[in-house]
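Oh and the sequence shown: position 108 is 107 in numbering that gives the first Met the number 0, straight run, nothing missing. Using N, Cα and C, we set each Cβ at its ideal position, and we do this for glycine too. Only one structure is covered here, and it is reproduced in the block below.
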Amino acid sequence: MSTYFRNAGHQVITCSTQNALELFAGLRDAPDIIFLAIDFEKKAYKVTQYAKEHGKYAHTCFIAMVLQEEKKDIQLALSGSNVRYLVKPFHIQDALALVSAPLPGAAASSGTRIVERDGT
Numbered sequence: 000m001s002t003y004f005r006n007a008g009h010q011v012i013t014c015s016t017q018n019a020l021e022l023f024a025g026l027r028d029a030p031d032i033i034f035l036a037i038d039f040e041k042k043a044y045k046v047t048q049y050a051k052e053h054g055k056y057a058h059t060c061f062i063a064m065v066l067q068e069e070k071k072d073i074q075l076a077l078s079g080s081n082v083r084y085l086v087k088p089f090h091i092q093d094a095l096a097l098v099s100a101p102l103p104g105a106a107a108s109s110g111t112r113i114v115e116r117d118g119t
């Protein structure tokens with residue numbers, strides 16, 4: 000997925016949840032979009048919690064990659080966040096459609112920055 004979005008002209012950073020939290024502390028600008036691979040340990044929730052606690056992430060869109068049977072629970076856990084969902088398995092075109100859709104409250108940019116959580 001990273002290669003696909005890089006080839007489409009987007010800046011992509013791929014990292015674990017812990018590395019994402021460390022990375023966010025040093026970022027000057029918030030990413031436009033963050034992909035979260037929600038696994039059974041639910042560690043990715045730490046990323047959304049961090050974003051809720053830091054105002055500069057108010058307009059960051061989260062795309063949660065989830066299993067259909069988990070979607071309802073995850074929607075409850077992520078309520079109040081700017082979250083879109085990709086139900087696994089999905090086609091890369093579905094992800095591109097979400098990235099291409101207008102982001103609420105975000106200024107248009109020529110190269111959307113995407114942080115993709117790698118599932119570790």
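| task | Kindly indicate which residue of K87, A94, P30 has the alpha-carbon position closest to the one of T59. | result | Locating residue 59 in the sequence shown gives position 60, where the first residue counts as 1. Minimum Cα distance to T59 is reached at P30.
| query | DSSP puts A36 in a beta bridge; with which residues? | reply | Within the sequence shown, residue 36 is the residue found at index 37, counting from 1. Per DSSP, M64.
| field | Which listed residue (R27, L35, M0) has its alpha carbon closest to that of T16 | value | Numbered from its first residue, the sequence shown carries residue 16 at position 17. The candidate whose alpha carbon is nearest that of T16 is L35.
| Helix, strand or coil at K70 according to DSSP, with G and I counted as helix | The sequence position of residue 70 within the sequence shown is 71, counting from 1. The answer is helix: DSSP assigns K70 an H, G or I state.
| Once you ignore the five residues that flank Q67 on each side, which residues in its own chain have a CB closer than 6 Å to its CB? | Here the question's residue 67 lines up with position 68 in the sequence shown. Once the five neighbours on either side are set aside, the close Cβ partners of Q67 are V86.
| query | Quick one: what does DSSP say L75 is sitting in, helix, strand or coil? | reply | The residue labelled residue 75 in the question sits at position 76 within the sequence shown. Residue state, collapsed to three classes: helix.
| said: Helix, strand or coil for L26? Go by DSSP, reduced to three states. | reply: Working through the sequence shown from its first residue, we reach residue 26 at position 27. Of the three classes helix, strand and coil, the one that applies to L26 here is coil, per DSSP.
| request: Starting from the C-beta of P101, find all residues in its chain whose C-beta is less than 7 Å away, skip the five residues before and the five after it, and write them out in chain order. | output: As a working mapping, residue 101 is identified with position 102 in the sequence shown. Excluding sequence neighbours, P101 sits near nothing in its chain.
| said: Between I32 and I73, how many whole angstroms is the CB-CB distance? I'm expecting something under 8 Å. | reply: Counting from one through the sequence shown, the residue named residue 32 turns up at place 33. Counting from one through the sequence shown, the residue named residue 73 turns up at place 74. I32 to I73, Cβ: 17 Å. No contact.
| task | Measure the CB-CB distance between V46 and A19 and report whether it falls below 8 Å. | result | For the purposes of this step, residue 46 is taken as the residue at position 47 of the sequence shown. For the purposes of this step, residue 19 is taken as the residue at position 20 of the sequence shown. Yes, Cβ-Cβ distance for V46 and A19 is below 8 Å.
| query | Given that a residue counts as buried once 16 or more other Cβ atoms are within 10 Å of its Cβ, and exposed if not, what is I91? | reply | For the purposes of this step, residue 91 is taken as residue 92 along the sequence shown, with counting starting at 1. Under this definition I91 is an exposed residue.
| Tell me, which residues are paired with V82 by DSSP? | Residue 82 sits at position 83 when you count from the first residue of the sequence shown. In DSSP, V82 forms a bridge with F61.
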